[in-house]
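Asks:
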Amino acid sequence: MIHKLSEKVINIKPSGIRKFFDLVAEKKDVISLGVGEPDFDTPWHIREEGIYAFEKGRTFYTSNSGLKDLRIEITKYLKRRYNLDYDAMSETLVTVGGSEAIDLAIRAIVNDGDEVIIPEPCYVSYKPCAILANAKPVVIDLKVENEFRLTADELLDATTDKTKILVLPFPNNPTGAIMEEKDLKEIAKVCIEKDIYVITDEIYAELTYKGKHHSIAEIPGMKERTVYINGFSKAYAMTGWRLGYACAPNEIIRQMTKIHQFAIMCAPTISQYAAIEALKNGDRDVEMMKESYNQRRLFLIESFKEIGLPCFEPFGAFYVFPCIKKYNMTSEEFAMKFLEEENVAVVPGSAFGDSGEGFLRISYAYSIENLKVAFEKLKRFVSKL
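Heads up: the sequence shown begins at 451 in my numbering, then just goes up one per residue.
#1: Would you tell me roughly how many angstroms separate the C-alpha atoms of K644 and V823, rounded to the nearest one?
#2: For the candidate residues S800, I812 and E727, whose alpha-carbon lies nearest to that of A503?
#3: Applying the 10 Å Cβ sphere with the 16-neighbour rule, what's the burial state of L455?
#4: Determine the DSSP secondary structure at Y647, reduced to helix, strand or coil.
#5: Can you name, in chain order, every residue of its own chain whose Cβ lies under 6 Å from the Cβ of K477, other than the five neighbours on each side?
#6: Just reading off the beta strand (DSSP E) that E570 is part of, what are its end residues?
#7: Helix, strand or coil for Y816, going by three-state DSSP, please let me know.
#8: Span of the beta strand (DSSP E) holding T613?
#9: Which of helix, strand or coil does DSSP assign to P587?
#10: Contact defined as beta carbons within less than 8 Å: I believe K785 pairs with L810. What is the distance between those atoms, to the nearest angstrom?
#11: What residues in its chain sit with their C-beta under 7 Å from that of S805, if we drop five residues either side in the sequence?
#12: Name the one or two DSSP bridge partners that Y681 has.
#13: Of all the options T689, E541, L835 and K635, which has the alpha carbon lying nearest to the alpha carbon of D603?
#14: Hey, how far is the Cα of G694 from the Cα of K684?
#15: For D479, tell me which candidate among E790, K755 and I501 has the shortest Cα-Cα distance.
#16: Quick check on the DSSP output: the alpha helix (DSSP H) that includes T525 runs from which residue to which?
#17: Taking only the alpha-carbon atoms, compute the straight-line gap between R746 and T545 and give it to the nearest angstrom.
#18: Round the Cβ separation of D651 and I552 to the nearest angstrom and send it over; I've been treating them as touching at under 8 Å.
#19: So, does the stretch 569–589 touch the stretch 610–618, judging by three or more C-beta pairs under 8 Å?
#20: Going by beta-carbon coordinates alone, are Q722 and T512 separated by less than 9 Å?
#21: Look at the Cβ atom of G808, then the Cβ atom of S833, and state whether they are nearer than 9 Å.
#22: From the DSSP output, in three-state form, read off L592 for me.
#23: Would a C-beta distance cut-off of 9 Å place Y816 and V770 closer than the cut-off?
#24: What residue does the beta strand (DSSP E) around V544 start on, and which one ends it?
#25: Can you round the beta-carbon distance between K827 and V794 to whole angstroms, since I take them to be within the 8 Å contact cut?
#26: Indicate the three-state DSSP secondary structure (helix, strand or coil) for F712 in the structure shown.
#27: Suppose you measure from the CA of A538 to the CA of T525; what does that come to, to the nearest Å?
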């Protein structure tokens with residue numbers, strides 16, 4: 451080729467999650483505990499609304515920001531569940547999943563050379579999105595002894611005069627860690643004092659198993675500097691519908707919408723009609739799925755104790771993050787060997803940042819029957835190490 455491709459893109463590593471997903475696709479009879487996708491079907495009444503929208507020919511573009519009725523339901527939901535006040539018309543944007551919202555938020559806020567603080571282990575897209583926006587990712591290695599929570603001291607130590615954004619990924623993928631209200635208040639003090647924007651990714655907000663979920667946007671002085679991101683994939687088992695949203699002050703949403711309208715135009719229309727139904731009538735579905743996830747969570751915690759595999763108790767999302775350091779293998783070596791010998795797929799902790807090395811991400815968004823079979827295979831596998 452005459453011209454080189456983008457060095458910036460070439461130097462970004464592919465997702466470690468997708469690597470194992472592709473390996474599983476090539477093998478037969480694999481029990482996969484690697485993908486963060488609910489094993490529930492989208493509730494029927496939500497699917498039915500999507501079918502009805504299709505039958506009625508609602509296959510047109512919506513406004514760039516999304517259907518008005520959906521944005522209204524989003525703001526009602528946030529007020530009802532988390533006491534967050536946003537204007538449906540000027541402070542809300544419907545996106546193609548939460549991942550697009552993350553990308554838009556970073557690009558709308560940073561200038562070249564600005565620093566984006568990213569606590570790791572975390573979801574794989576934050577660092578690449580910062581790099582693609584010509585910002586500098588600054589990683590904070592979260593510690594298991596702190597239950598993988600971010601502390602105010604860690605944030606202060608990472609802050610410089612170039613710090614622009616803190617990404618707050620809680621409840622956390624891959625660790626299952628949460629931030630309680632007292633933790634968030636300490637983080638908020640630093641953000642206000644140092645004038646830092648926050649992108650709070652709360653896609654797992656409904657899946658919290660210890661008290662009420664709190665958002666940093668609730669804390670006085672934070673709403674005006676926070677981009678709140680959520681979506682429908684995890685809580686409503688709507689991964690393939692590809693729908694998320696962002697709420698933020700109007701001046702931020704306007705810039706995010708500008709990028710969105712040139713790159714995407716609008717989120718899928720039929721998905722938006724289905725999402726209205728989810729927000730209006732989906733609370734019972736969420737509670738049912740959450741109860742089932744919690745049963746699986748407790749089963750795995752007790753199972754790890756049984757075989758002596760250290761694992762702090764996660765209180766959010768649907769992942770456990772056991773430590774495998776005592777086996778003197780990298781997390782990728784362990785995961786590959788486990789896949790080859792027992793036909794069970796898990797994700798190496800290193801896929802979520804260097805601080806994830808020595809851990810595995812195991813999803814419990816799978817049936818209890820599959821989890822029991824997989825655990826017996828894990829028990830047999832570690833007994834041989």
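Glycine included, every Cβ here is placed at the ideal spot set by N, Cα and C. Model, not experiment: these values are computed from the prediction.
Replies: Taking the geometry as given:
#1: When rounded, the distance between both Cα atoms is 50 Å.
#2: Residue E727 is the option with its Cα nearest to A503.
#3: Counting Cβ neighbours within 10 Å, L455 comes out exposed, since fewer than 16 surround it.
#4: Under the three-state reduction of DSSP, Y647 is assigned to strand.
#5: Cβ within range, chain order: n/a, list empty.
#6: Note, E570: beta strand (DSSP E), E565 to E570.
#7: For Y816, the secondary structure class from DSSP, reduced to helix, strand or coil, is coil.
#8: From DSSP, the beta strand (DSSP E) with T613 extends over T613 to L618.
#9: P587: strand per DSSP, three-state reduction.
#10: The question names Lys, yet the displayed sequence has Ala at residue 785. That belief holds up - the Cβ atoms of A785 and L810 are roughly 6 Å apart, short of 8 Å.
#11: Result list for S805: E570, P571, D591 and L592, in chain order.
#12: Just to set this straight, residue 681 is Gly in the shown sequence, not Tyr. Within the DSSP secondary-structure output, G681 pairs in a beta bridge with G694.
#13: Among T689, E541, L835 and K635, the Cα nearest to that of D603 is on K635.
#14: Distance between the alpha carbons of G694 and K684 is about 10 Å.
#15: Of the listed residues, the one whose Cα sits closest to D479 is E790.
#16: It spans K518 to Y532 - the alpha helix (DSSP H) in which T525 sits, taken as one unbroken run.
#17: A direct Cα-Cα distance of roughly 31 Å separates R746 from T545.
#18: Contact check for D651 and I552: beta-carbon distance about 6 Å, within the 8 Å limit, so the pair qualifies.
#19: Yes: at least three Cβ pairs fall under 8 Å.
#20: Result yes, Cβ atoms of Q722 and T512 sit closer than 9 Å.
#21: When the beta-carbon positions are compared, G808 and S833 stay at least 9 Å from each other.
#22: The answer is coil: DSSP assigns L592 none of H, G, I, E or B.
#23: No, they are not a contact pair.
#24: T542 to T545 is the extent of the beta strand (DSSP E) around V544.
#25: A Cβ-Cβ separation of about 5 Å places K827 in contact with V794 under the 8 Å criterion.
#26: Helix, per DSSP.
#27: Taking the straight line joining both Cα atoms gives about 6 Å.
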